[in-house]
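Residue numbers (full-length UniProt numbering): 1 to 489.
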């Protein structure tokens, strides 16, 4: 897409407004995106490169965080390599379909994900999913910054602390997210390449040590289900941001193409890199040097130890891995800005890029504070995200398929910012809240194991599955009642 397409219509008006402010004017002309939650008009949806829906998620998930999520199976839930791989494969096969489906909404409506969610959650109640999404996105960015910082520290022989590494990752994230849609898509088209080269070298060096995994105890239903809930939380959390990256695309493309590009872009890196994480976590038992490095610098230390035989080239590759997290943190901050503007509606009059600075400040401060409790934080965090994200996407998809009859013509795009013309949001909010009457007893977290989870051998977490199903079952009658009294808004 050229600058003319990106700046047409609304953004050209913004450029005229700030022509007298030279520094802002130069920013806009350089390609900085100012548009926030304002829907992209039909004539402005001109981007023909639908492969972007593949590359942005390929790069965003080709990083150390995906690797670390895979290590949770053996290290945290006691699963062997075969069982970890099967859980990673089959839970992702199902769960990737939810965010991939929501990505198809962008070209058809030109709306950011949380703006479209107003047609299910209403103008004011959408604040609840927004708060949860903001917390989730910032949580992921904090974990990614910690991992990147730890990895940079591991390769520096003590000259760079975790804190300095976190600052480096955070500053790069700010620079990329500040620029917006065009720069992000350009960066994500190529960011995956060096990372996959690094992982190929990692496999080549470490293959002998992971080729013969030690025998493990038989998997329990609880271990499988709880690790599966963690994997689900990792991918379903993208549901709150998917159409943010397809809103400028041409609406004429068949939805199945956008779905397929997005599905493969999510599925391939997540599954392959998580399986690598599980394999190398188990391989630590064969290589004491790996175990020592992991104990010192977590996952970053493990990967640095694997690459150590490659000498200075190995250090260079480790730095590339550390910086790979920016391909995930930058688009996350971009969506953080948009969701913040939905959460506080008057904020939409402030240029989007201003909130990148807010996201950067929060990410930097909390990552430094939480750097030394990474694994416990990661396992708890991913599980909790899965619960609310499953409920959220269940309500959105049920509304679209059942009440909008899978037809985007049944949405009145002109009322996106008119509270009285939107659904009340009460059915969606009530369905989500009431679903937790079954979700909470089904949790298996460090701080709480519910009675339903306890009834499963090994204490299995089935909270996200129940959130999906129960929200849908409750939303249907609640929304039907609302339509009877208020009509389809």
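Every residue, glycine too, gets a C-beta built ideally from N, C-alpha and C.
Nothing here was measured: the structure is a model prediction, and the numbers come from that model.
Excluding sequence positions up to five away, which residues of its chain have a Cβ less than 7 Å from the Cβ of residue i?
i, result
"residue 107", "45, 246, 249, 250, 251, 253 and 258"
"residue 101", "259 and 397"
"residue 77", "223, 226 and 227"
"residue 314", "307 and 308"
"residue 155", "304, 315, 318 and 319"
"residue 261", "50, 51, 53 and 54"
"residue 478", "427, 430 and 431"
"residue 411", "109, 119 and 404"
"residue 209", "283, 286 and 287"
From the DSSP output, read off the bridge partner residues of residue i.
i, result
"residue 449", "444"
"residue 412", "According to DSSP, residue 412 bridges with nothing at all."
"residue 500", "The question about residue 500 has no answer here: the residues shown for the chain are numbered 1 through 489."
Enumerate in chain order the residues of its own chain whose CB-to-CB distance from residue i is below 6 Å, with the five nearest sequence positions on each side excluded.
i, result
"residue 83", "219"
"residue 329", "141, 144 and 173"
"residue 367", "142, 145, 146 and 166"
"residue 273", "66 and 67"
"residue 468", "390 and 394"
"residue 241", "113 and 335"
"residue 29", "Here residue 29 scores only 49 on pLDDT, less than 50, and its place in the model is too uncertain to base an answer on."
"residue 484", "none"
"residue 339", "114, 130, 133 and 134"
"residue 341", "36, 37, 347 and 348"
"residue 324", "63 and 195"
Label residue i either buried or exposed according to how many other C-beta atoms from any shown protein chain fall within 10 Å of its C-beta, with 16 as the threshold for buried.
i, result
"residue 47", "buried"
"residue 4", "Since pLDDT at residue 4 reaches only 41, below the 50 mark, its modelled position is unreliable, and no value is offered."
"residue 487", "exposed"
"residue 158", "exposed"
"residue 414", "exposed"
"residue 33", "buried"
"residue 420", "exposed"
"residue 407", "exposed"
"residue 405", "exposed"
"residue 182", "buried"
"residue 193", "exposed"
"residue 418", "exposed"
"residue 512", "Examination of residue 512 is not possible in this model, given that the chain is present from 1 through 489 alone."
"residue 168", "buried"
"residue 121", "buried"
What three-state label does DSSP hand residue i in the structure shown?
i, result
"residue 386", "helix"
"residue 314", "helix"
"residue 119", "helix"
"residue 126", "coil"
"residue 287", "coil"
"residue 112", "coil"
"residue 325", "coil"
"residue 18", "A caution first: residue 18 carries a pLDDT of 47, below 50, which makes its placement in the model too unreliable to give a value."
"residue 344", "coil"
"residue 331", "helix"
"residue 260", "helix"
"residue 79", "coil"
"residue 33", "coil"
"residue 64", "helix"
"residue 457", "coil"
"residue 404", "coil"
"residue 271", "helix"
Going by beta carbon distance, what residues of the same chain come within less than 8 Å of residue i, once the five residues before and after it are set aside?
i, result
"residue 462", "225, 229, 442, 452, 453 and 456"
"residue 187", "59, 176, 327 and 330"
"residue 276", "67, 70, 199, 202 and 203"
"residue 93", "267"
Which complete alpha helix (DSSP H) runs does the segment 187-248 hold, if anything under 4 residues is left out?
Listed in chain order, the alpha helix (DSSP H) runs fully inside the segment 187-248 are 221-236, counting runs of at least 4 residues.
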